[in-house]
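**Q** Below are the structure tokens for one structure; questions will follow.
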Amino acid sequence: MRRAVALTTLTAALVCATGSQAWSGGGNKISPILDCAWNNGDGTFDITLGYENLGSAAVLPVGNNNYVDTSGSGQTTQSYPGQPTSFASGTKDNVWVLRGVPTDTSWVIEGHRATLAQNSPACATKQVAVIGSWPGAALGLLAMGSVLWVLQRRSARARSLITRLRRTVGAPARSRSEAL
């Protein structure tokens with residue numbers, strides 16, 4: 016059980032560190048996909064985005080190869096909540112939601128654009144990202160590690176209680192190898 020907690024903690028640390036890795040993209044093999052757009056009614060939109068990665072898994076930090084262009088004329092290196100920096104192989108829909116942006120907003124990955132336009136498909140309902148961002152994954156892993164730790168502690172207490180009960184009743188205590 017301790018190994019499971021240690022493994023969970025190590026995994027969470029690796030997930031957290033992913034955002035700080037250097038670019039290791041696949042060279043023009045990742046393209047953004049605009050899944051749909053939700054009109055907020057105030058001149059802004061929430062757009063649901065995904066991507067297609069024809070190469071191997073890649074890490075693209077926010078910058079020249081992974082950015083959001085909200086002006087329609089240039090690049091911005093501002094990081095948006097949930098903006099992916101890790102790209103698994105294959106097609107991934109509904110990866111993140113870019114909220115409160117004007118028309119002509121683009122997500123640009125390795126020179127490929129997915130741009131919000133008047134004819135973009137409308138979302139049937141207000142969208143929530145399926146995958147989420149690394150902080151959510153890290154929190155989930157840490158919560159799982161905490162649950163495993165509690166279960167391990169309860170298991171140790173139960174073994175101790177069983178041993179005390181056997182001594183009290185007079186039954187011979189079994190060793191761990193006999194129990195298996």
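Numbering (our numbering), first residue to last: 16 to 195. Yeah, the Cβ is synthetic: ideal placement off N, Cα and C, and Gly gets one too.
#1: Quick check: Gly65 and Asn109, are their CB atoms within less than 8 angstroms of each other?
#2: Considering only the alpha carbon of each residue, which of Gly58, Gln93, Phe102, Trp53 lies closest to Val74?
#3: Between the beta-carbon of Ile48 and the beta-carbon of Val116, is there less than 8 angstroms?
#4: Assign Asn68 to buried or exposed, taking buried as 16 or more other Cβ atoms, counted over all protein chains shown, within 10 Å of its Cβ.
#5: For Tyr95, report the span of its beta strand (DSSP E) as first-last.
#6: In whole angstroms, give me the CA-to-CA distance for Val175 and Met159.
#7: Could you name the residues that DSSP lists as bridge partners for Ile62?
#8: To which residues does DSSP link Glu125 through a beta bridge?
#9: Any idea what DSSP makes of Ala173, helix, strand or coil?
**A** Quick answer:
#1: Reading the sequence shown from its first residue, position 50 is the one you call residue 65. Reading the sequence shown from its first residue, position 94 is the one you call residue 109. In this structure, Asn109 lies closer than 8 angstroms to Gly65 by Cβ.
#2: Along the sequence shown, read from residue 1 onward, the residue named residue 74 stands at position 59. Closest by C-alpha distance to Val74, out of Gly58, Gln93, Phe102, Trp53, is Phe102.
#3: As a first step, residue 48 must be located in the sequence shown, where it is residue number 33. As a first step, residue 116 must be located in the sequence shown, where it is residue number 101. In this structure, Val116 does not lie closer than 8 angstroms to Ile48 by Cβ.
#4: Numbered from 1 along the sequence shown, position 53 holds the residue referred to as residue 68. Asn68 is buried by the Cβ-count criterion.
#5: Here residue 95 refers to the residue found at position 80 of the sequence shown. Neither: Tyr95 is in no beta strand (DSSP E) and is coded neither H nor E.
#6: Numbered from 1 along the sequence shown, position 160 holds the residue referred to as residue 175. Numbered from 1 along the sequence shown, position 144 holds the residue referred to as residue 159. Position check: residue 175 holds Ser in this sequence, whereas Val was assumed. Across the structure, Ser175 and Met159 are spaced so that their CA atoms are roughly 25 angstroms apart.
#7: Translated into positions along the sequence shown, residue 62 becomes position 47. DSSP lists Ala52, Leu113 as partners of Ile62.
#8: For the purposes of this step, residue 125 is identified with residue 110 of the sequence shown, where counting begins at 1. Per the DSSP secondary-structure output, Glu125 pairs with nothing in a beta bridge.
#9: Within the sequence shown, the letter at position 158 stands for residue 173. The answer is helix: DSSP assigns Ala173 an H, G or I state.
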